[in-house]
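Trainee:
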Amino acid sequence: MNKIMYLEFERCIGCRACQAACRECGDHDAKERNYVEYVDFTESRQTFPMLCMQCKDPACARVCPANAIQITDEGVVLSAMEEKCIGCRNCTFGCPFGIPKFDFEKNKMYKCDMCYDRTREDIAPMCASVCPSDAIRFIDFDEMQQLRRRRTQMNLVEGKKPQEGNKWDYVPEFFGVYTDSQS
3 MNKIMYLEFE RCIGCRACQA ACRECGDHDA KERNYVEYVD FTESRQTFPM LCMQCKDPAC
63 ARVCPANAIQ ITDEGVVLSA MEEKCIGCRN CTFGCPFGIP KFDFEKNKMY KCDMCYDRTR
123 EDIAPMCASV CPSDAIRFID FDEMQQLRRR RTQMNLVEGK KPQEGNKWDY VPEFFGVYTD
183 SQS
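Going by my numbering, the sequence shown opens with residue 3, and the numbers climb by one from there.
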């Protein structure tokens, strides 16, 4: 995988095209594995895309007693393997982002796996391929670095200070997530 996911939350327009595309992807059983959330529903209509952050040390995999959640060589955290998942839902409780969901009818956990069948061939995941505002992008690492530098320069110009010690520390380098309010 030569490309990475890049998210810019404030670009999200709330159209939910990413969710619709996710439902259509491969073996997703017509269920979306990504979500569009409100920043603060009581304050604003601003939304943001919420995908699996593909954590460096994923809590969902760490707390799985059946070792059903595998991590690829590229660092992609896959959904629980059906034959191993025991339905304990530890993964759903352990994830700091609330991504894994549990299907009670099928007794299995599912989550975003970056459309691994596509991304391992450097084809954009379904969500990134349809996002009209470029809130979700599948780009080269160098392009991500350029965008990151530009955002850092803008933040310095605007006087914003990076925050430390929050859940975003889990996110690996190959998954660029940038927003003005990451806590």
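Here a beta-carbon is modelled for each residue, glycine too, at the ideal position from N, C-alpha and C.
What does DSSP give as the partner residue(s) for R139 in the beta ladder?
Mentor: Y8.
Trainee: Between which residues of its own chain and A22 is the CB-CB distance below 8 Å, once the five residues before and five after are set aside?
Mentor: If we look at A22 and ignore the five residues flanking it on each side, its Cβ neighbours are E34, V132.
Trainee: Go through its chain and collect everything with a Cβ distance to K162's Cβ below 6 Å, but skip five positions before and after it.
Mentor: For K162, the predicted structure reports a pLDDT of 49, less than 50, and the residue's modelled location is therefore unreliable. The matter cannot be settled from this model.
Trainee: Taking the beta strand (DSSP E) that V38 falls in, what are its first and last residues?
Mentor: Element bounds for V38: 37-40.
Trainee: Using the Cα positions of R25 and R150, report the straight-line distance between them to the nearest angstrom.
Mentor: Straight-line Cα distance between these residues: approximately 30 Å.
Trainee: Buried or exposed: A137, going by 16 or more other Cβ atoms within 10 Å of its Cβ?
Mentor: That one is buried.
Trainee: Using 8 Å for Cβ pairs, my map puts V38 next to P51. What's the rounded Cβ distance?
Mentor: Contact flag correct, Cβ pair sits at about 6 Å.
Trainee: Evaluate E10 with the Cβ neighbour count: other Cβ atoms within 10 Å of its Cβ, from every protein chain shown; 16 or more gives buried, anything less gives exposed.
Mentor: When all chains shown are included, E10 counts as buried.
Trainee: Give the secondary structure of F99 by DSSP, where H, G and I count as helix, E and B as strand, and everything else as coil.
Mentor: In the structure shown, F99 sits in coil (DSSP, three-state: anything other than H, G, I, E or B).
Trainee: Using three-state DSSP, classify M128 as helix, strand or coil.
Mentor: Note: M128 maps to helix in three-state DSSP.
Trainee: T74 by DSSP, collapsed to three states: which one?
Mentor: Reduced to three states, the DSSP call for T74 is coil.
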